Structure formats: C-alpha cells, structure tokens
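>
Protein chains: 2
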Amino acid sequence: MKITNLKECESFAVNMEGAKGATRQMPIGKADGAPNFSIRVFTLEPGGHTPHHVHESEHLNYILEGDGVVMEDDTPRVVGKGDFVLVIPGEKHQYRNTGNVPLVFMCMVPGQYE
Amino acid sequence: MKITNLKECESFAVNMEGAKGATRQMPIGKADGAPNFSIRVFTLEPGGHTPHHVHESEHLNYILEGDGVVMEDDTPRVVGKGDFVLVIPGEKHQYRNTGNVPLVFMCMVPGQYE
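Sequence lines, in order, name chains A and B. Numbered by this note's numbering, the letters in the first sequence go through residues 587 to 700 in order. Numbered by this note's numbering, the letters in the second sequence go through residues 587 to 700 in order.
1. Along the chain, where does the beta strand (DSSP E) that runs through A/Lys588 open and close?
2. Check whether the Cβ of A/Glu642 lies closer than 8 Å to any Cβ atom in chain E.
3. Does A/Val687 have its Cβ less than 8 Å from a Cβ in chain B?
4. So which residues on chain A does B/Glu658 lean against when the C-beta distance must stay under 7 Å?
5. Give, in chain order, every residue of the region 606–634 of chain A whose Cβ lies closer than 7 Å to some Cβ of chain B.
6. Checking 8 Å against the spacing of the C-beta atoms, do A/Phe691 and A/Asn647 come in under that value?
7. To which residues does DSSP link B/Glu658 through a beta bridge?
8. Tell me which residues share the same chain as B/Pro621 and place their Cβ nearer than 8 Å to its Cβ, disregarding the 5 neighbours each side in the sequence.
9. Listing by chain order, which chain A residues have their CB less than 9 Å from the CB of B/Asn601?
10. Just the Cα atoms here: how many angstroms apart are B/Cys595 and A/Ile674?
11. State the start and end residues of the unbroken beta strand (DSSP E) segment that holds A/Asp669.
12. What did DSSP end up calling B/Ala599 once you bin it into helix, strand or coil?
13. How big is the Cα-Cα spacing for A/Leu661 and B/Leu672?
14. Residues of chain A with a CB under 7 Å from the CB of B/Asn591: which are they?
15. Which residue marks the beginning of the beta strand (DSSP E) containing B/Val627, and which one marks its end?
16. Short of 8 Å in beta carbon distance, which residues of its chain neighbour A/Pro688, apart from the five on each side in sequence? Order them along the chain.
17. Suppose you measure from the CA of A/Gln611 to the CA of B/Lys606; what does that come to, to the nearest Å?
18. Using C-beta distances below 7 Å, list every residue in its chain close to B/Ile614, excluding the 5 sequence neighbours before and after it, in chain order.
19. Tell me the residue span of the beta strand (DSSP E) that contains B/His645.
20. Any beta-carbon of chain A closer than 8 Å to the one on B/Pro662?
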C-alpha cells in the first residue's frame, strides 16, 4: 500500500511540443506496483495548455483546482473543480487554463502510456 | 467526451457483506466507453466502512472529502482529503470513516471489476 499526496510528489516540466506552462506529477504509477493504470497530475499556469492532439489511449480526468476548457476536437467545453472528464481513444483534445489561478487535474492512463 | 460531476451521478447503496453506511456513484465507467478502467466514488457516513477484504484487482484511490483510515491488513493508516492510495492486488484492506462528516473517495478499478 502506498499513501501519498501532491506535496510529496516531485514536479517536472512538461516539454512535449504544443504544451505551455505545464508541469506533471505522478502520485501513483508503474514504479509503485500499479499493474494496469497510473495517476498523473498536471498543473497548468494561467494561459497554459496541454498539446492539442490525438492518441490511441484514453484519459480519465478529474479537475482538482481551477477553471478552464477542454477542447473536444475544436469546440471548447468549460470545466472546473469537481468535474470528471472521459476522453475516449482517438478523440482530439486539449486542456487550457482560462482562469487566473493554476488549473490542476488528475489524468489517469493505461500504465504503458504513463 | 463525457463531462460530469457528482451532483449529476445517481447514488446507490452498497449492499456488499461487510459494508456499512456506504453509497456508490459511477462518474465514468464501461457504459460511457471507458475501455480499460473506471472511476467509482464511494461515500461513507460517519462510522461507515467498506468490507475488510482482499481481491485480485488493485484500487487506485483519491480522498475527496473527510477523514478516515485505510486498514493495511490489520494496521490502520490515517488518510484525509488530498491523499492518494494504491491498494495492490491481494492486499487486505478496508476504508473506515473515523470523522464526523462523510468520507468521500474515488476508487479506480479495471473495468471488469467496476
């Protein structure tokens, strides 16, 4: 059993092409013995975003803090604290922080994509 | 893409043997097209608990509200809002609400165990 929180998890800049003002933490992943899927947490600074991209794996997301939009293809959908989002495989998507405070969200993925 | 929140998710009593004062919601699951794993949310009333049991699937948990303990075999470990917990396959565990307000936590599992 592992118990942790975000204060204990190291934060890494996201250097993917198309990302801006984004950091990543990994509270639970393969290295902890999670056999099938992993929890990543992304923090987007105001004006920051993830890549506007498509991939073969799904995202299961939960918004921990802040306000923003998720692009569903080219349509912005407003999200905020307490929202759950399912991005299905092959769906073009992007998270954008449209607020004045960090947008923090969990992003669960199959372990091979962590 | 599905976007939802707990206010929109129906709540069901947990009738498993060994559970007390527990309800379950399912913001994202197989019915939504999630191909590999699902997000369940459990709410335990004060004094409530999940079964003290063991199974072949893992749990990836995140505490949304409240205070309690997770039994790691027979040892209580204190958890509260903002904690992430990994219960590995085969590990005996139980969530107990030791506080005075509901203990609410996300519980991600492989889809076949949702």
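We put the CB at the ideal spot given by N, CA and C, even for glycine. Predicted model, so just to flag it, every value in this text is computed and none were measured.
In this structure, then:
1. 588–591
2. Judged by its chain identifiers, the structure shown contains no chain E, and its protein chains are A and B.
3. no
4. Met587
5. Pro613, Ile614, Asp618, Gly619, Ala620, Pro621, Asn622, Phe623, Ile625
6. yes
7. B/Thr661, B/His679
8. Gly697
9. Residues of chain A passing the Cβ test: none, with the nearest at roughly 24 Å.
10. 19 Å
11. 669–673
12. strand
13. With the sequence shown as reference, residue 661 of chain A is identified as Thr, and Leu is not the correct amino acid for it. The straight-line gap from Cα to Cα measures roughly 35 Å.
14. Gly668, Asp669, Phe670
15. 623–635
16. Thr629, Leu630, Glu631, Pro632, Glu651, Gly652
17. 34 Å
18. Lys588, Ala620, Ser624, Ile625
19. 645–651
20. no
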